[in-house]
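Trainee: Residue numbers -23 to -1, 1 to 319, in mature numbering (1 follows the signal peptide of the UniProt record, and there is no 0), belong to the letters of the sequence shown in order. Every residue, glycine too, gets a C-beta built ideally from N, C-alpha and C. Remember, predicted model here, so these are calculated numbers, not experimental data.
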Amino acid sequence: MRLSLVTLDLVVLLSTWLPLSSALPTSPQLTTYQERNFKTIHQIYQFTIYPRQEAIIAQATNDSIPELEPLFSPTVSGRIQEIGNFTNFRHSIEYFFGLAPRPQGSMYSAIVEAELTQFSSDCPSVAASTVNFKVALADPSKPGFGAPGTRTYTYLKQTGFWHFDEQGRVDYYDLYISALNEFATILNGADFGSKLVQLLATKQICQGAQKLCKGQNTQYQPQVGLSVGAVLSALGLNLLLDLPLVNQLGLGTLNLGELTCFAKLSVKKFGTFDKLWADTVTCRIVHLMLAEVDPDDHCPHVGPSGGGKCVEYPYYDRLYNDGPLFRDNLRFRCPGYSNIST
Ligand SMILES: *[C@@H]1O[C@H](CO)[C@@H](O)[C@H](O)[C@H]1NC(C)=O
Ligand SMILES: *[C@@H]1O[C@H](CO)[C@@H](O)[C@H](O)[C@H]1NC(C)=O
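Here you go:
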């Protein structure tokens, strides 16, 4: 009897005492802007999940896209390291949704989940986030999908800062994609360091460029008199000594426009997906994906000059030239921090 009374006392004591201790923390109430900013970023990324991006891509060249009006300001501008800057609504939308992988051709891949694994918002106008995209690497309807020992998923990480306007729409972003070159290797199941893979990728880009960029968007006018032999010798390849490589390349299947493109691009640096903002073939691979969405705007970037996008752009300007891009060098810092004396 006595014992249970003591126990009871203890329970009473504990229950009055516990809420004050840190033993059972209650989660702090989020502010409305924290919830709003989280939802905005979450919703933006949900549109990258296949097939949700298809409806957005179909409207890419429209003046307004109703689904995205609550999410992006009409004047949105941002940077994605190391892909490039996207200084208006149309280009931003094309980046966010036009580059989301689409299951097509021999390569099946698509984003199947996008989770905000890191998020913080310190004031209504700024948030930081990290998203993990879960990417399916094979067609789930194909036999063997998910069989033991086959890797059917990979992940891609994007991290950085967002700025919101008074209505809570994103008006600036500065984001970074980690290890994109390795991701591209996994996605394509090909080693982009191999010379053969590089030349085959260049050939594919040329076939794609001539197919997508037609009429006044044509980038590579057929160079009369150009021969496969001349292209190979410009690459330092010998028809007899390098016969296996030459055969695998199969340049004989290219038409004259495609061959002209190949002659111009195969002597450029192949580059890496970790630094796309350059006069390289890898930059043109990405911009060809964008040209598929919007040929008028992106065909010049696939062309021989790089159209101002696939051009060499100095290190400092790529990473630190914030003024023209964000109209404020401290765009992604909440206002109060400027008053801290350090
Ligand atoms: C926007 O694009 C869609 C799909 O291409 C089209 O059906 C629709 O008419 C367009 N809307 C406007 C206002 O241009
Ligand atoms: C965006 O990048 C291009 C190079 O691709 C550069 O010429 C331009 O100045 C940049 N724009 C801004 C606003 O930083």
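1) Could you give the uninterrupted runs of the beta strand (DSSP E) lying entirely in the segment 36 to 72, keeping only those of 3 residues or more?
2) Which word fits residue 320, buried or exposed, when buried means at least 16 other C-beta atoms lie within 10 angstroms of its C-beta?
3) Give me the residue from Gly229, His278, Pro272 with the minimum Cα distance to Leu253.
4) With a threshold of 7 Å (Cβ to nearest heavy atom), would Gln36 be considered close to ligand 1?
5) Mind listing, in chain order, the residues whose beta carbon lies closer than 6 Å to a non-hydrogen atom of ligand 2?
6) Verify the contact flag: Asn39, CB atom, against every heavy atom of ligand 1, threshold strictly below 7 Å.
7) Using 8 Å as the Cβ pair cut-off and three pairs as the minimum, do the segment 38 to 53 and the segment 84 to 104 touch?
8) I'd like to confirm the pairing. Which residues does DSSP put opposite Cys260 in its beta bridges?
9) For the beta strand (DSSP E) holding Asp294, just list the boundary residues, first then last.
10) So, at 6 Å on beta carbons, what are the nonlocal neighbours of Gln58 in its own chain, with the 5 sequence-adjacent residues on each side left out?
11) Among Lys111, Tyr27, Cys190, which residue has its Cα nearest to the Cα of Phe74?
12) Which first and last residues belong to the beta strand (DSSP E) in which Leu152 is found?
13) Hey, how far is the Cα of Asn194 from the Cα of Asp273?
14) With burial defined as no fewer than 16 other Cβ atoms inside 10 Å of the residue's Cβ, what is the status of Thr319: buried or exposed?
15) With DSSP as the reference, label Val244 as helix, strand or coil.
16) Assign Ile317 to buried or exposed, taking buried as 16 or more other Cβ atoms, counted over all protein chains shown, within 10 Å of its Cβ.
17) With C-beta atoms as the reference, is Asp256 less than 8 Å away from Val288?
18) Is the beta carbon of Ala37 sitting closer than 8 Å to the one on Asp271?
19) From what residue to what residue does the alpha helix (DSSP H) around Asp99 run?
20) Identify which residue in Ser106, Ala91, Leu265, Gly145 has its Cα closest to the Cα of Leu133.
21) Tell me whether Val112 sits in a helix, a strand or coil according to DSSP, three-state version.
22) Here's a check: name, in chain order, each residue in its chain whose Cβ is nearer than 8 Å to the Cβ of Leu233, leaving out the five neighbours to either side.
23) Can you tell me whether Thr17 is buried or exposed, with buried defined as 16 or more other CB within 10 angstroms of its CB?
24) Using the beta-carbon count (16 or more within 10 Å), is Gln30 buried or exposed?
25) What do you reckon, are the CB atoms on Gln187 and Cys260 nearer than 8 Å?
26) So, helix, strand or coil for Thr319, using DSSP?
Mentor: Let me lay it out:
1) 49 to 58, 61 to 63
2) No answer is possible for residue 320: the residues shown for the chain start at -23 and end at 319.
3) His278
4) yes
5) Gly61, Asn62, Thr64, Gly285, Lys286, Tyr290, Asn298, Pro301, Leu302
6) yes
7) no
8) DSSP lists no partner for Cys260.
9) Segment 292 to 297 is the alpha helix (DSSP H) holding Asp294; no beta strand (DSSP E) there.
10) Tyr153
11) Tyr27
12) 147 to 154
13) 6 Å
14) exposed
15) coil
16) exposed
17) yes
18) yes
19) It is not in any alpha helix (DSSP H) - Asp99 instead sits in the beta strand (DSSP E) that spans 87 to 100.
20) Ala91
21) strand
22) Pro199, Gln200, Val201, Leu203
23) buried
24) buried
25) no
26) coil
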